[in-house]
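Residue numbers (this note's numbering), protein chains in the order written: chain B, 1 to 208; chain X, 1 to 208.
Here it is in C-alpha cells:
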C-alpha cells in the first residue's frame, strides 16, 4: 500500500509516519520510485503499536525507540522485552535517597519481596513506588504491617498469575508488547474502577 | 493551645490555618482576647484531616468543604459520608454522552453492575471510568468479555470486603474519613505496585 493508505488505516498523518521512519521506529518501505515506496501489513501493525504506546501508555519517543529496538533484536528474550515495556511505563518515582524514612521504607520493600520469593530486578520502578507509598502511610500514622498488606499481595499474585497465563513465546512479539501495554495500563484502570464500585457496594451492604 | 502551636503541630502555616478558619473548614477557637483564641485537639485533628485531603487526595478546597459539611452534619449517615469522600476523589471522566461507542460501553457497565447485584448509585464516577476503559480496549481490538473481567472482579470484591470489615459506626467520623482517603488513594497505589511486581515475577517464572 502507499503511504496515504497507511495513513488512512493507521489513523496517523503522513507527516507523523514520515517522522517515525526518520526516527527508525519502522523499516523503510520498498522503493517504487524516487519519492514513492510500498508498505505492507507489518508496517501497519507497527504503526498501530506505536500509536498505542503513545496514546495508552503515554510513552515518549525515546522510550518507544528503546522498546522497538528490543523487539527487533532476536537476542532479546520475551521476558526481557516485556520487562522493557513495563519499566518504561513507570511510574518513575523520584527517590529521595538521602531521606532516612525513604531508605527504611525501601529496605522494607526489598525485605518483603525477598520474603515472598518474587523474582524482580533490583531496579524495578515498582519497588520505589511501593516504598513511596509506605512513607506516605507512615507519615499519616498508618502502620505498614503484613496483615494489612496480605489481601493486596494475594490479589496481585492472583492477577499476575492470570495475566502470565496468556504469555507464550509463540505469540508474535508485536502482539505480546501490545498485550502487555493493554494489561498494564488499561486493566489496572479496570481494576481501580471495580475496586471503587466494590467498596461502595460493601459499604452499602454493611451501613446503608 | 495557641494558633502558633497549632501551626507547629499540624505542619501548616498560621496563614493557611487562618484561611481554613475563614472558609469555615473548622470551628473558631475560644476567644481569649481581641485577636487571640485557644484551640484544642479537635482543631489539630481537623487540620491533619484537611492536610491529608489536600496532599493525599489532591482535593480542591470546594470538595473539602463539602466533605467537612457532611462530617459535621449528624443527619448524614456514615455510608453517605464516606461515599461523598470517595466520589470527590474521582477520577472524573469527561463522558462524551453523544458518542455511540461510549453509550454502548456505559450500558455494558450498568448491565455488569446489575448482574453482579452491586449496590452502587447511578452517578458513581467509577461507572464512567470503567466505561472509558471499555471504549479504549475495544478501539485497540481487545474485546471486553466477562471471562477476561472475572479475575479483576474477584480481586475487587475480595479487597472491598476486606476494607469494609474495618467500617464501624463507633469510629469517630474524622477517623473514618481519614481511613477512607488512605484506603482509596494509598492502598490502590500499594495494589498497583504489587501488581507490577507480581507480573514481573510470574513472567520470570514462566519465561525467564
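Ideal Cβ positions, reconstructed from N, Cα and C, are used throughout, including at glycine.
In its own chain, which residues sit with a C-beta less than 7 Å from the C-beta of residue i, not counting the 5 before and 5 after it?
{"i": "residue 49 (chain X)", "result": "174, 177 and 178"}
{"i": "residue 105 (chain X)", "result": "131, 134 and 135"}
{"i": "residue 257 (chain B)", "result": "Since the first residue of chain B shown is 1 and the last is 208, residue 257 (chain B) is not available in this structure."}
{"i": "residue 184 (chain B)", "result": "86 and 89"}
{"i": "residue 14 (chain B)", "result": "3, 4 and 7"}
Flag residue i as yes if its beta-carbon sits less than 9 Å from any beta-carbon of chain X, otherwise no.
{"i": "residue 132 (chain B)", "result": "yes"}
{"i": "residue 203 (chain B)", "result": "yes"}
{"i": "residue 183 (chain B)", "result": "yes"}
{"i": "residue 187 (chain B)", "result": "yes"}
{"i": "residue 19 (chain B)", "result": "no"}
{"i": "residue 125 (chain B)", "result": "yes"}
{"i": "residue 169 (chain B)", "result": "yes"}
{"i": "residue 129 (chain B)", "result": "yes"}
{"i": "residue 198 (chain B)", "result": "yes"}
{"i": "residue 194 (chain B)", "result": "yes"}
{"i": "residue 52 (chain B)", "result": "yes"}
{"i": "residue 137 (chain B)", "result": "yes"}
Between the beta-carbon of residue i and the beta-carbon of residue j, is there less than 9 Å?
{"i": "residue 35 (chain X)", "j": "residue 189 (chain B)", "result": "no"}
{"i": "residue 159 (chain B)", "j": "residue 151 (chain X)", "result": "yes"}
{"i": "residue 101 (chain B)", "j": "residue 139 (chain B)", "result": "yes"}
{"i": "residue 57 (chain X)", "j": "residue 31 (chain X)", "result": "no"}
{"i": "residue 166 (chain X)", "j": "residue 77 (chain B)", "result": "no"}
{"i": "residue 119 (chain B)", "j": "residue 193 (chain X)", "result": "no"}
{"i": "residue 6 (chain B)", "j": "residue 59 (chain B)", "result": "no"}
{"i": "residue 155 (chain X)", "j": "residue 195 (chain B)", "result": "yes"}
{"i": "residue 200 (chain B)", "j": "residue 37 (chain X)", "result": "no"}
{"i": "residue 164 (chain X)", "j": "residue 153 (chain B)", "result": "no"}
{"i": "residue 115 (chain B)", "j": "residue 61 (chain B)", "result": "no"}
Are any of the Cβ atoms in chain B nearer than 9 Å to that of residue i?
{"i": "residue 16 (chain X)", "result": "no"}
{"i": "residue 63 (chain X)", "result": "no"}
{"i": "residue 179 (chain X)", "result": "yes"}
{"i": "residue 44 (chain X)", "result": "no"}
{"i": "residue 6 (chain X)", "result": "no"}
{"i": "residue 57 (chain X)", "result": "no"}
{"i": "residue 92 (chain X)", "result": "no"}
{"i": "residue 190 (chain X)", "result": "yes"}
{"i": "residue 206 (chain X)", "result": "yes"}
{"i": "residue 140 (chain X)", "result": "yes"}
{"i": "residue 37 (chain X)", "result": "no"}
Which residue wins for smallest C-alpha separation from residue i, given the options the options?
{"i": "residue 81 (chain B)", "options": "B:91, B:94 and B:66", "result": "B:66"}
{"i": "residue 129 (chain B)", "options": "X:186, X:18, X:17 and X:202", "result": "X:186"}
{"i": "residue 209 (chain X)", "options": "X:26, X:43 and X:23", "result": "What is shown of chain X runs 1 to 208, which leaves residue 209 (chain X) out entirely."}
{"i": "residue 168 (chain B)", "options": "X:153, X:147, X:202 and X:148", "result": "X:202"}
{"i": "residue 55 (chain X)", "options": "X:70, X:12, X:38 and X:83", "result": "X:12"}
{"i": "residue 64 (chain X)", "options": "X:112, X:84, X:75 and X:103", "result": "X:84"}
{"i": "residue 209 (chain B)", "options": "B:16, B:95, B:96 and B:71", "result": "Since the displayed chain B opens at 1 and closes at 208, residue 209 (chain B) lies outside it and no answer follows."}
{"i": "residue 29 (chain B)", "options": "B:14, B:73 and B:3", "result": "B:3"}
{"i": "residue 110 (chain B)", "options": "B:99, B:127, B:98 and B:97", "result": "B:127"}
{"i": "residue 121 (chain B)", "options": "B:146, B:79 and B:153", "result": "B:79"}
{"i": "residue 161 (chain B)", "options": "X:20, X:206, X:96 and X:157", "result": "X:206"}
{"i": "residue 25 (chain B)", "options": "B:68, B:14 and B:33", "result": "B:68"}
{"i": "residue 117 (chain X)", "options": "X:148, X:99, X:157 and X:98", "result": "X:157"}
Go through its chain and collect everything with a Cβ distance to residue i's Cβ below 8 Å, but skip five positions before and after it.
{"i": "residue 108 (chain X)", "result": "131, 134 and 144"}
{"i": "residue 52 (chain X)", "result": "178, 181 and 182"}
{"i": "residue 191 (chain X)", "result": "159"}
{"i": "residue 96 (chain X)", "result": "102"}
{"i": "residue 10 (chain X)", "result": "17, 44, 47, 48 and 51"}
{"i": "residue 113 (chain B)", "result": "120 and 127"}
Using a Cβ-Cβ cut-off of 6 Å (strictly less than) and excluding sequence neighbours within five positions of residue i, which residues of its own chain qualify?
{"i": "residue 40 (chain B)", "result": "none"}
{"i": "residue 45 (chain X)", "result": "174"}
{"i": "residue 1 (chain X)", "result": "39"}
{"i": "residue 93 (chain B)", "result": "128, 129 and 132"}
{"i": "residue 141 (chain B)", "result": "none"}
To be precise: take each residue of the segment 150-164 of chain B, compare its Cβ to all Cβ atoms of chain X, and keep it if any distance is under 7 Å. Which residues remain? 151, 152, 153, 155, 156, 157, 158, 159, 160, 161, 162, 163 and 164
Against chain B: residues of the segment 95-121 of chain X by CB proximity under 7 Å: 113, 118, 119 and 120
Selection of the segment 67-84 of chain X by Cβ proximity to chain B, strictly under 9 Å: 77, 78, 79, 80, 82 and 83
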